[in-house]
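I have placed the structure first, in the form of structure tokens, so that the comments after it can refer back to it.
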Amino acid sequence: VNNLPEEFTLLQNYPNPFNPNTKIKYSIPKSSNVVIKVFDVLGNEVAKLLDDELFAGEYEVEFSTIVGFTSGGNVYTIPSGIYFYQLRIIDPGMNSGQGFIQTKKMLLIK
5 VNNLPEEFTL LQNYPNPFNP NTKIKYSIPK SSNVVIKVFD VLGNEVAKLL DDELFAGEYE
65 VEFSTIVGFT SGGNVYTIPS GIYFYQLRII DPGMNSGQGF IQTKKMLLIK
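Residue 88 in our numbering sits at position 84 of the sequence shown, with consecutive numbering throughout.
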């Protein structure tokens, strides 16, 4: 039985709204360089949660507003508000080298 994902997928974070932690699930159908970043409403990068080569499968990364706590990157103390998280797959073989990008919205309430 092949349980590998058939497409790149970024799921809605849970819980949402969140305080202080939230989990972001995603899946990749083949080995790829995966980047997950969090941005504020102005487009400024708030945190890089992941930048790594991963095998095909389903994954989860945790984002936290507690300084120094995350399963994948640097986290800063940030105020309540709307944030965006983005899954970027860098794969020269896809879509003429453009890869896959998907962005979703999350809400931090302190």
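Heads up, the beta-carbon is just placed ideally off N, CA and C, and yes, glycines get one too.
(Q) DSSP three-state label for Ala60, please. (A) Ala60 falls in the coil class under three-state DSSP.
Q | Buried versus exposed, by CB contacts within 10 Å (16 or more), Leu8 | A | By the 10 Å Cβ count, Leu8 comes out exposed.
**Q.** Alpha-carbon spacing of Ile113 relative to Lys29, whole angstroms
**A.** If you take the alpha carbons of Ile113 and Lys29, they lie about 20 Å apart.
**Q.** Cβ pair count under 8 Å reaching 3, the stretch 15 to 22 against the stretch 49 to 58
**A.** Here the stretch 15 to 22 does not lie against the stretch 49 to 58, with fewer than 3 beta-carbon pairs under 8 Å apart.
Q) Going by C-alpha distance, which of Ser31, Ser68, Met110 is nearest Gly85? A) If you compare the alpha carbons of Ser31, Ser68, Met110 with that of Gly85, the shortest gap goes to Met110.
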